[in-house]
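Heads up, the sequence shown is in this note's numbering, so the first residue is 6 and it goes up one at a time. Working notes, beginning with the structure itself.
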Amino acid sequence: MVAILWLAGQIFPVSTAWIMAIIARLLITGCLHEDGLADFMDGFGGGSTKERTLSIMKDSHIGSYGVIGLISYFLLLIQPGKLPLEILCAIVFCGDCWSKFCVSQLINVLPYARKEEDSKAKVIYNRMAPVEWLISFIGGIVPLTIFLSMKLWLAAIFPILTFSLLYLLMKQRLQGYTGDCCGAAFLLCELSFLFGSFGILCY
């Protein structure tokens, strides 16, 4: 994503290059995370119980909450495209690494909310061993210390806060997490990092 952002930025305005990079990620991932976000918004917006929420999230059709959630997400996501190219590239790379570390903690703090046979991917992850956690942490924190100024390290707090709120929401409603929850949490944590960095630099 950063490579496409950088290359496109040599030809087009940064705002256009940023949109092209976003589209590239959608094509590369097959909208995996965005599908999770839409299902998450539909489930938590339309359901009031664990069973109803899980049922809505498993439905392949998208509802009003999912549509509104995706529109709102992308409207916010394009805003950092106003930043200089070099800074945006660094923020996008670091935001991805740090947000994925934060979201990976879901498997450590919550159980899987469905039965294994009800999982879309038929995969349930085990909690991380200490060595696995350390490797994940290093992969998340090192890019921040290399590519970002100390001023922007503060942006690392935003994904932690976002993750904490989502954790409480999932624990209260589902008493666990699903694959859709992971996808949604990643996008929202990443968005909070990008927006936090954007705010720090602008104000």
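A virtual CB, placed ideally from N, CA and C, is assigned to each residue, including glycine.
Worksheet item: Quick check: the segment 78 to 86 against the segment 106 to 116, are there 3 or more CB pairs under 8 Å?
Response: no
Worksheet entry | TYR117, DSSP secondary structure in three states | strand
Practice prompt. Express the C-alpha separation of LEU10 and ILE61 in angstroms, rounding to a whole number.
Written response: 35 Å
Practice prompt. Tell me whether TYR172 sits in a helix, a strand or coil according to DSSP, three-state version.
Written response: TYR172: helix per DSSP, three-state reduction.
Worksheet item: Among all the DSSP beta bridges, which residues are the ones paired with TYR182?
Response: Per the DSSP secondary-structure output, TYR182 pairs in a beta bridge with TYR117.
Discussion item. Would ASP101 and GLU39 be called neighbours here (beta carbons separated by less than 8 Å)?
Written reply: no
Discussion item. With the cut-off set at 8 Å, would you say ALA22 and MET6 are in Cβ contact?
Written reply: no
Worksheet item: Between the C-alpha atoms of PHE79 and LYS105, what's the straight-line distance to the nearest angstrom?
Response: LYS105 has its alpha-carbon roughly 19 Å from the corresponding atom of PHE79.
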